[in-house]
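Chains as they are written, first to last, in this note's numbering: chain A, 808 to 929; chain B, 808 to 929.
There are 2 protein chains.
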Amino acid sequence: MRTEQDWNCQDPEQRKVWAAATSEALRVLEGKWKTVIICQLFAAHGPLRFSELERRVDGVNQKMLIQQLKQLEKDGIIMRTVYPEVPPRVEYSLSSLGVALGPAMEALIDWALLRRAGMNGD
Amino acid sequence: MRTEQDWNCQDPEQRKVWAAATSEALRVLEGKWKTVIICQLFAAHGPLRFSELERRVDGVNQKMLIQQLKQLEKDGIIMRTVYPEVPPRVEYSLSSLGVALGPAMEALIDWALLRRAGMNGD
DNA sequence: CAGTATCCAGCTTGATACTG
DNA sequence: CAGTATCAAGCTGGATACTG
């Protein structure tokens, strides 16, 4: 599944394809709470209820959480399952595309921590 | 340099640290042209002049390019070098923190291409 | 060449109140 | 419990014109 892209490629068009693809990818992850939601879903190793996400995503309000969840669902990163019960139960989980984000998220976490370390110590 | 973070960690506080770190990291990369600029700098394997970036970053206008470059510089990802010549020459290159973004960018590109494939074929 | 300055439309976020 | 609705402030992106 590796795409064999590498920075040594001399084809300007190919480089633009990567740049555009990365741009699109990042646009899907943009939004103040999306990465937090995704991280929490990874950490949970399973579906989370709306109320559980509300507790785990520090500082988010209902409207924003719902909005971000809807966008993530539309973009195919998470799945929403409704259980026809009273009171209502709705669970959110990572789709296969969401799970495939794992390596990128981990690389991002590594970089984020490196960045933090540089900002303090260095 | 690996941080040994893994999704199995059961400490909720630790998970919040990652989520917050990732959020910060992504915020630094947000902005319509930043990933394109970064990709082009990686692909160039060396510094690029302002005008060269303007050519390579498809569709950007001067104001936006400068704004994004300034932010990337402020956030420590790129470096700006001014050569006291006439006409003026300014070169932009990745800092060590910028270079450290490599693995994350590659993982993101892989995911972006996987996502595209899924959207067409699937 | 590599910027700066101005102006503006539209999107994003958030507070607050209400509902099946 | 898991949403929807409304309103407003602030930020983002972009077109355009000017400058050392």
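Glycine residues also receive a C-beta, built at the ideal position from the N, C-alpha and C atoms.
These numbers come from a predicted model, not from an experiment.
Delimiting residues of the beta strand (DSSP E) encompassing residue i
i                 : result
Cys884 of chain A : In the sequence on display, residue 884 of chain A carries Ile and not Cys. Note, Ile884 of chain A: premise wrong, no beta strand (DSSP E); not H, not E.
6 Å CB neighbourhood of residue i in its chain, flanking five on each side removed
i                 : result
Asp882 of chain B : Val835
Val792 of chain B : Outside the displayed span of chain B (808 to 929) sits residue 792 of chain B, for which this structure offers no information.
Val867 of chain B : Trp840
Gly853 of chain B : none
Met886 of chain A : Ser900 and Ser902
Glu880 of chain B : Arg887
Contacts that residue i makes with chain B (C-beta to C-beta distance below 7 Å)
i                 : result
Leu908 of chain A : Trp918
Leu872 of chain A : Result: empty, since nearest Cβ-Cβ is about 14 Å, beyond 7 Å.
Under 8 Å by beta carbon: chain B residues contacting residue i
i                 : result
Asp837 of chain A : One detail in the question is off: residue 837 of chain A reads as Glu in this sequence, not Asp. In chain order: Leu833 and Glu837.
Residue i (DSSP reduced to helix, strand or coil)
i                 : result
Ser900 of chain B : strand
Leu920 of chain A : helix
Leu908 of chain A : coil
Gly866 of chain B : coil
Asn927 of chain B : helix
Glu913 of chain B : helix
Glu892 of chain B : coil
Start-to-end residues for the alpha helix (DSSP H) that takes in residue i
i                 : result
Ala827 of chain B : Pro819 to Leu836
Lys841 of chain B : Lys841 to Ala851
Glu861 of chain A : Phe857 to Arg863
Own chain, CB closer than 8 Å to residue i, minus 5 neighbours either side, in chain order
i                 : result
Leu855 of chain A : Gln847, Leu848, Arg863, Glu898, Tyr899 and Ser900
Pro895 of chain A : Val889
Met871 of chain B : Lys839 and Trp840
Proximal residues of chain A, C-beta to C-beta of residue i below 8 Å
i                 : result
Leu901 of chain B : Those within 8 Å of Leu901 of chain B in chain A number zero; the least Cβ separation is about 11 Å.
Val843 of chain B : Ala826, Ala827, Thr829 and Ser830
Gly925 of chain B : Gly883 and Leu904
Gln847 of chain B : Arg822 and Ala826
Contacts of residue i in chain A (Cβ-Cβ under 7 Å)
i                 : result
Met912 of chain B : Thr829
Lys823 of chain B : Asp865
Exposure label - residue i; buried when at least 16 CB within 10 Å
i                 : result
Gln869 of chain A : exposed
Gly905 of chain B : buried
Met912 of chain B : buried
Val893 of chain B : exposed
Contacts around residue i, its chain only, beta-carbon distance under 7 Å, and the 5 residues preceding and following it disregarded
i                 : result
Gln878 of chain A : Gly838
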